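Presented below is the structure to which this report refers.
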Amino acid sequence: MCGIVGVFAHTPVNQILYDGLLLLQHRGQDAAGIVTGEGAMFHMYKAPGYVRDVFRTRNMRDLSGNVGIGHCRYPTAGSASSELESQPFYVNSPFGITLAHNGNLTNSEELKRELFQLDFRHVNTNSDSEVLLNVFALELERAAHHARLDANAIFNAVAGVHRRCRGAYAIVAMIAGYGLVAFRDPFGIRPLIVGVNEAMGGTEYVVASESVALEALGFRVLRDVAPGEAIYVDQAGQLHSRQCAANPILAPCIFEFVYLARPDSVIDGTSVYEARLHMGEQLAKKIRGMPEAQDIDVVIPIPDSSRPSALQLANTLGLTYREGFVKNRYIGRTFIMPGQAMRKKSVRQKLNPIAMEFAGKVVLLVDDSIVRGTTSREIVQMAREAGARKVYFASASPPVRYPNVYGIDMPNRHELVATGRTEAEIAREIGADLLIYQDLEALKEAVRATNPKLTQFEASCFDGRYITGDVTADYLSQLAEERDVSRGDADASELQEPLVPAD
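Here my numbering is used: the first residue of the sequence shown is 21, the next is one more, and so on.
Put into structure tokens, the structure is as follows:
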């Protein structure tokens with residue numbers, strides 16, 4: 021999961037890109053970068069860190085031009101510590117192209133070999149985004165007519181990317197002297213939305229990961245980019261679009277609605293906030309039928325993303341809702357911090373309990389999900405230390421039992437607390453008296469209740485069904501091994517192998 025934004029305007033876009041990345045900061049904290057286009061010239065600045073820390077006035081002054089792209093990085097493929105893998109990436113041939121990517125390719129190693137052996141293109145990092153950029157560059161070279169591009173050639177190049185690349189990718193790119201390009205993988209796994217603004221100089225466009233970045237920048241939502249579709253805004257500000265995939269299917273990542281996206285965003289016509297309210301309703305239905313869960317005194321959310329679900333759960337069951345944890349907003353989101361030890365250490369720095377809300381009570385804690393279990397275990401312990409008589413724990417999503425290979429940092433089976441354990445065993449592992457998981461069909465229904473047109477979802481971390489059809493047990497094993505080596509896990513050879521994906 022990363023945040024991407026692309027802008028075409030009639031005035032300098034550096035401030036718009038910066039503000040857009042701030043609005044998407046929740047999608048990645050590792051690094052940030054901006055590239056602007058001034059005629060046929062690119063201006064780039066990128067570095068590790070939060071958006072607010074990366075860019076200074078001197079950097080912004082150098083980012084001149086009326087078209088540009090930006091990226092805030094959350095590392096999945098590649099190395100979290102490598103500054104070279106900050107985005108956007110750039111190649112000078114053909115034309116000069118810069119690209120930013122949200123998602124993860126599942127055939128990047130195969131593509132890298134093909135690029136080197138057959139296409140004579142060199143990839144200098146371990147990032148799949150650089151691989152994708154080189155594939156796009158090669159397809160543009162093949163599609164160009166007499167060393168010139170038009171909308172038709174650009175769309176043919178995107179079609180070539182779809183034929184060669186597998187996995188999840190939402191893309192914003194610039195071609196020097198031509199304009200802004202954006203496209204989405206044929207399954208629409210990662211979100212991408214386009215907005216429009218009528219300014220004094222003419223029509224302006226922005227493409228971003230989430231609608232919140234459009235609306236806060238003063239742009240009106242035009243529509244979501246369809247799966248497989250490409251958007252091209254030329255130098256004159258003319259918007260072109262075309263479906264570039266043979267058999268596109270809308271199957272967005274359901275984890276976007278559970279956790280990744282901001283609640284004030286709308287993704288593929290679905291309000292994230294409303295979907296989370298429905299998740300709470302579905303959980304309430306399940307709890308109502310559990311005799312062992314009828315003594316709950318108070319419902320307390322784990323801030324922030326579980327608040328809508330917890331509130332609706334409490335309202336549906338007629339239970340008291342209280343804010344029992346105060347969040348330190350100067351601590352990063354623990355889920356996307358690299359390293360288990362850092363995540364565990366940061367939990368108590370991040371959350372502090374209000375003892376009066378726990379003392380002598382049977383408490384139902386509600387979180388959006390349980391991934392590794394480290395955070396949940398610490399939170400349950402904090403509730404007990406604050407005086408809770410019993411601690412029940414509810415997850416608005418099902419057990420995460422499988423690796424995610426489409427852009428969420430949970431590829432190793434041994435890191436997932438639910439793998440190989442029953443719900444009772446997981447409850448013991450996190451120290452809870454009772455654990456309640458959302459059922460997968462109930463989760464899908466919660467999201468679909470907001471937009472009935474969503475008939476399919478990418479939910480592989482819950483059911484092991486990888487929608488791109490190319491993820492094998494061998495691939496998962498190799499991915500796990502590479503991750504362990506990159507993180508220096510001494511006992512990697514003793515870890516369990518990933519589960520075989522479901523048919």
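From the three backbone atoms N, C-alpha and C, an ideal C-beta is built for every residue, glycine too. For clarity, every value in this text was computed on a predicted model and none was experimentally measured.
Report the three-state DSSP secondary structure of residue i (helix, strand or coil).
i, result
"V74", "helix"
"V27", "strand"
"I446", "helix"
"F136", "helix"
"E435", "helix"
"V346", "strand"
"A266", "coil"
"T492", "coil"
"M194", "strand"
"G524", "Outside the displayed range of the chain (21 to 523) lies residue 524, so it cannot be described from this structure."
"R240", "strand"
"E230", "coil"
"F378", "coil"
"G40", "helix"
"V467", "helix"
"L460", "helix"
"D387", "strand"
"R421", "coil"
"N124", "strand"
"A188", "strand"
"F355", "Any reading at F355 needs caution, since the residue's pLDDT is 49, under 50, leaving its predicted position unreliable; the model's value is listed next. Helix."
"A500", "helix"
"D453", "coil"
"R81", "helix"
"A512", "At A512 the pLDDT is 29, less than 50, meaning the model places this residue with poor confidence and gives no usable figure here."
"L131", "helix"
"H260", "strand"
Is the distance from the Cβ of residue i to the Cβ of residue j below 8 Å?
i, j, result
"V71", "T56", "no"
"N471", "T290", "yes"
"I269", "F207", "yes"
"C92", "L37", "no"
"F413", "A452", "yes"
"L41", "V27", "no"
"G23", "G48", "yes"
"M21", "T118", "no"
"H256", "V201", "In the sequence under discussion, the amino acid at residue 256 is Ala, which differs from the His named in the question. Not in contact: A256 and V201 (Cβ atoms no closer than 8 Å)."
"P272", "E478", "yes"
"G344", "I320", "yes"
"A438", "P423", "no"
"E230", "P211", "yes"
"V253", "S389", "no"
"A444", "S329", "no"
"V382", "I316", "yes"
"L158", "R141", "yes"
"G85", "I54", "no"
"N122", "A190", "yes"
"G407", "A447", "no"
Specify, as a first and last residue, the run of the beta strand (DSSP E) that residue i falls within.
i, result
"M402", "Unbroken run through M402 is the alpha helix (DSSP H), T394 to E405; no beta strand (DSSP E)."
"V524", "A query on residue 524 cannot be resolved here, the shown segment of the chain reaching from 21 to 523 and no further."
"R529", "Outside the displayed span of the chain (21 to 523) sits residue 529, for which this structure offers no information."
"I213", "I213 to A219"
"Y486", "No beta strand (DSSP E) contains Y486, which DSSP labels as neither H nor E."
"E103", "That residue, E103, is in no beta strand (DSSP E); it is neither H nor E in DSSP."
"M61", "M61 to P68"
"G57", "A51 to E58"
"K473", "Premise fails: K473 is in no beta strand (DSSP E) and is neither H nor E."
"P373", "L371 to P373"
"Y412", "K410 to S415"
"Y110", "F109 to V111"
Which residue comes first and which comes last in the alpha helix (DSSP H) that contains residue i?
i, result
"H182", "A171 to R184"
"A157", "D148 to A163"
"S480", "S480 to D483"
Cβ-heavy atom distance between residue i and the ligand SAM below 7 Å?
i, result
"I316", "Among the components modelled here there is no ligand, and therefore nothing to report on the ligand SAM."
With contact counted as at least three CB pairs below 8 Å, one residue from each stretch, are the region 136-154 and the region 227-239 in contact? no
Three-pair Cβ contact test at 8 Å for the region 425-435 versus the region 396-403: no
Entirely enclosed alpha helix (DSSP H) segments - the region 276-335, minimum 4 residues: 292-308
Mind the definition here: the region 212-226 touches the region 294-303 only if three or more C-beta pairs lie below 8 Å; say whether that holds. no
If you pair each beta-carbon of the region 256-266 with each one of the region 171-186, do three or more pairs fall below 8 Å? yes
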